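Protein chains: 2
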Amino acid sequence: MATISPGDSAVSGVPVAPPTRSVQRLPSMADVAALAGVSSQTVSRVVNGRSNVDADTRDRVLAAMDEIGYRPNSAARALKSGKFSTIGVIMFTLSSFGNMRTLDAVAMAAAEAGYSITLIPVALPTQGAVAGAVNRLAEQAVDGIVIIMEAHMLDRIDVTVPTGLPVVIVDSDAGARYTVVDTDQTEGARLATQHLLDLGHKTVWHIAGPESSFSAGRRTASWRNTLKAAGAPVPPVLEGDWNAASGYVHGVALAANPEVTAVFASNDQMALGVMRALHEAGRSVPAEVSVVGFDDMREADAFWPPLTTVHQDFGQVGRLCIEKLLRQIDSPSASVPGTTIVPTHLVLRASTAPPPPPGLA
Amino acid sequence: MATISPGDSAVSGVPVAPPTRSVQRLPSMADVAALAGVSSQTVSRVVNGRSNVDADTRDRVLAAMDEIGYRPNSAARALKSGKFSTIGVIMFTLSSFGNMRTLDAVAMAAAEAGYSITLIPVALPTQGAVAGAVNRLAEQAVDGIVIIMEAHMLDRIDVTVPTGLPVVIVDSDAGARYTVVDTDQTEGARLATQHLLDLGHKTVWHIAGPESSFSAGRRTASWRNTLKAAGAPVPPVLEGDWNAASGYVHGVALAANPEVTAVFASNDQMALGVMRALHEAGRSVPAEVSVVGFDDMREADAFWPPLTTVHQDFGQVGRLCIEKLLRQIDSPSASVPGTTIVPTHLVLRASTAPPPPPGLA
DNA sequence: GTGAAAGCGCTAACAT
DNA sequence: ATGTTAGCGCTTTCAC
C-alpha cells in the first residue's frame, strides 16, 4: 500500500552535492550567498527585510533562496539573540474542557504576538511528574512558562521553577509568589447557589470536583458560605472527579432522596451525569429537581434540558496569561506576583425552576 | 483587585550578579567551568553523562552547576546537532473533541520518545492561514510536522510543505503523496447506518459535517452507499457544522416530519442537538426516533438517552502519527506515502431501537 | 581523564 | 550598498 517514489534526495534542484556525502544538510545562508554571489551578511539583510539592499541584489538573493529551498534556522537565530520566541505550556493530559479552551486561547494570543507554544503534557498529577515537566521545559528553548493545572500540586514545585524564567499560573492560590490569572470561582459558585435559593429551594446539594483541585475547593467553599449566609442547611459534600460518570453515581443517590430539589455540580459534565440519573429515576428536571453546572461548555445548551450554568471566560484567561507573561519577558526586573481575577456570570437556561409545592413529591 | 506584593526580583538566592550588568544572561557552560575550575569541555561531558570523567571532578562540576543554576541551552545544542527534538503540530483553533484527543495522544507519544511539541494554531480554515502556519513551522525548530485538520485544505498546500521536512497528516486523502493516518470513517458510518437498518428502520436520515471536511465527506458517502446497498431510499443530506446548535436546527425540522424514525449524525455534538430538538417536540428517543452519533466523546454515555455512537480511537491515531513521523525522521530517505487505517466500532447504548409499529405515529 | 580548537548558522558592529 | 569579523553556547575531534 505504501508507494515509494524513486529515490532522489529530498533536496532537489541542487545536484551540486558531493556524491560522498549522503547526510542531508539543510541549506544555510552561506549556500544561498554562494549561489547568489553575495556575502551571507547580505542574505541576512534580505531575510530580515532591511532596506539597505539593492533591489537587484535582493531579487537575486530571493531567487537563490527559492531555488535551494532555504529556511532560516531558528536555533542559530535563538542562539544569537538569546530569545526563542517560544512559550512553554505545562498542562495535564486528557485535560478538561476548560483547560483545552484555555490552551487554545493561550496559543492564539501567543501566535498573535509572534510566539510559538511548546506543549509539555503531564500524564499524572504527581509532584514528580510536574517537576520533571518544568525541568524539561527549562531545558527547552522557551522564554517563559504558563502552567495550567490543579494548583495543589504547585505547593512544592516552586523550588523547581528555574531561576529567572517568567512564569504565569492559571487558577492557583500561589498569587503571593507568582503571577496568577484566576477565574472568579467564588462569585460563580455564589451566583449558582444563590440563584437556586432565590428560586425557593430550601437548600442546595453540591457535587464537588476532586479534593486535589484548587478551583473545586473554592467553588465548594463558596457554595457552603452562601448556604450559611442564607441560613440554609449544609448537606454533606459529594465528591466527584469532573467526569460525567461520577456525577451519575452521586445523581443516583440524590435521585432516590425525595428531599433533594436542587443540585449544584462543580462542572457541566457532572451536572450532565446528575441529570441522566434523575431522568432514569423518573425525576423531572427542572420540575422536581433543579440542576446547575459550571463552565458553560459549548454543548451545555443542547443538554436535556438545556443547562443553567456558570460561564467561565477561558478565552480571556488565556489572553491574560500571555499578556502578563510577555510583560515579564520584556522587562525581567518587573516581577509582579499577584492575582488577576476574570469574572464569571450565570447563564440561565432550562434546568432550574422553583421547587415543587410541598407534599406533592 | 489585583494584589501586588512588595516588589522583589524573581531571582532569589543568587545575589552574585555584578552590579553594573543589569542585563540578565543565563549561565553558560563556561560559567560553570570557571567556577569549577575545569574546561567547558569537561562540563559538557558531565552534562552528557560521559563515563570518562573523574568522580571527583564530576562532583565539583555538579556542585557548580547547582550553585549558579545552570541549564543547558537547547538552541546551541540544536545548532550543533542539527536536531531539535521537537515536533510541530498544526491544528485548528477551537478544535473538536476528536482533535483535542488526538493532540493529547500525539503529545504523550512524543514526550515518551523525548520530543517536545510545538503547537501552531490556525484560526481559520483558509488556505492562506494553513500555508502561513506551515511556513512558520518550517522556520521553527522542528524535526517533523503533524497536521491535524480538515483535509480539503491540503489539496493545495503541498506546494508549501517545505522540502525534506517529514510530515504526517491525520484524516486526509493525501495518502498518495504523504504519510497519512486515517480513521476508518467508511466502516464506522456503515456500521451506524446498517445498525439502524437492521433494527427495521425504512431509511436513515443523515446530518453531515461541513462540506469542507474530508472525514465528513467519507461518512456521508458511506451512509449513502449503505442505504443504496440495502435498497433503502436516500433522504436529502442535511449539512451541519459539527456544533450541537446545527444539529438542533436540523433536528427541529426532522422532529416535525413523522416519516423520520432514524437519524445518523456525523458527530456526537450534532446528535445531541438532534435529541434536544426531538425532546422539545415531544418525540421520544428511541421509542419514536433512533439517533446515532460519531466519535464517542466522553460524555456520550451520560447524554439522555445515552448515545449509541461510533467509537474512534484517537489515542491510537496520535500514537501512530508519532511512530510514523519518527521513522521518517530517523531515516529521511525512507519517505513512505501511504495511508494507515485505524479501525472504528459501534458502541451500542440507549438511543436506538426498532421503529414504532406503522400507523402508531 | 582532561583540555584546546574549530565550527554549527546567524547577526551586530564595524569596515569599505 | 555590501563585505569582513567576531561570537552566541555547545559538542566533535584531536591532542596531551
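The listed protein sequences derive, respectively, from chains B and V.
Residue numbering for the first sequence follows this note's numbering, starting at 1 and increasing by one per position.
Residue numbering for the second sequence follows this note's numbering, starting at 1 and increasing by one per position.
Note that the Cβ used here is the ideal one computed from N, Cα and C, for glycine as well.
Given the structure is predicted, the values throughout are model-derived calculations rather than measurements.
Look at V:W304 here: in three-state DSSP terms it is coil, with no helix or strand label. Using a Cβ distance threshold of 8 Å, B:E139 and V:S74 count as a contacting pair. Ranking V:A192, V:M275, V:D241 by CA distance to the CA of V:A256 puts V:M275 first.
The Cβ neighbour count for V:A174, taken over all protein chains shown within 10 Å, is at least 16; the residue is labelled buried. Contact of V:H206 with chain B is not assigned, every C-beta pair being separated by 8 Å or more.
Of V:L254, V:S266, V:M297, the smallest CA-CA separation from V:V285 is found for V:L254. Of the other Cβ atoms in all chains shown, 16 or more fall within 10 Å of the Cβ of B:R101; this residue is therefore buried. For V:S116, the enclosing beta strand (DSSP E) stretches over residues 116 to 122.
With respect to chain V, the C-beta atom of B:D104 has a partner C-beta closer than 8 Å. V:G144: member of the beta strand (DSSP E) spanning 144 to 148, first to last residue. C-alpha of V:C321 to C-alpha of B:A123: approximately 19 Å in a straight line. A Cβ-Cβ separation of about 5 Å places V:A302 in contact with B:L272 under the 8 Å criterion.
Residue environment for V:N267: buried (at least 16 other C-beta atoms within 10 angstroms of its C-beta). Around B:R224, the same chain offers V234 as residues with beta carbons nearer than 7 Å, after the five sequence neighbours per side are excluded.
Here V:N99 is buried: its Cβ has 16 or more other Cβ atoms, across all protein chains shown, within 10 Å. V:E299 reaches chain B at A244, Q269, L272, counting residues in chain order whose Cβ is nearer than 7 Å.
When DSSP states are grouped into helix, strand and coil, B:L197 belongs to the helix group. V:L35 and V:A76 do not touch by the CB rule: their CB atoms are close to 19 Å apart, not below 8 Å. One thing to note: V:I87 has its Cβ within 8 Å of the Cβ of V:A110. Sixteen is the threshold: when 16 or more other Cβ atoms of the shown chains lie within 10 Å of the Cβ of B:E299, as they do, the residue is buried. Nearest C-alpha to B:V142 among B:S351, B:K83, B:T308, B:W304: B:K83. Rounded to the nearest angstrom, the gap between the Cα atoms of V:P306 and B:V204 is 26 Å.
With its beta carbon at least 8 Å from every one in chain B, V:W223 lies outside the interface. By the C-beta density criterion, V:Q41 is exposed, having fewer than 16 other C-beta atoms within 10 angstroms.
Taking 8 Å as the threshold, the shortest C-beta distance from V:Y115 to chain B does not fall below it. Interface annotation, B:M108: in contact with chain V, CB-CB separation under 8 Å. Taken through DSSP and simplified to helix, strand or coil, V:M297 comes out as coil. Cβ atoms of V:L196 and V:F294 stay farther apart than 8 Å, at about 13 Å.
Taking a Cβ-Cβ cut-off of 7 Å, the neighbours of V:H279 in chain B comprise W304, given in sequence order. Secondary structure of B:S246 (DSSP, three-state): helix. An exposed status is given to B:G114, since fewer than 16 other beta-carbon atoms sit within 10 Å of its beta-carbon. When Cβ-Cβ separations below 8 Å define contact, V:T118 makes contact with chain B. Contact with chain V is found for B:A123, since one of that chain's Cβ atoms lies less than 8 Å from the residue's Cβ. Selection V:W304, V:E112, V:A133, V:S85 evaluated against B:A107 yields V:A133 as nearest (Cα-Cα). By the neighbour-count criterion, in which a residue is buried when 16 or more other Cβ atoms sit within 10 angstroms of its Cβ, B:K324 is buried. Contacts with chain V at 8 Å (Cβ-Cβ) include B:A78.
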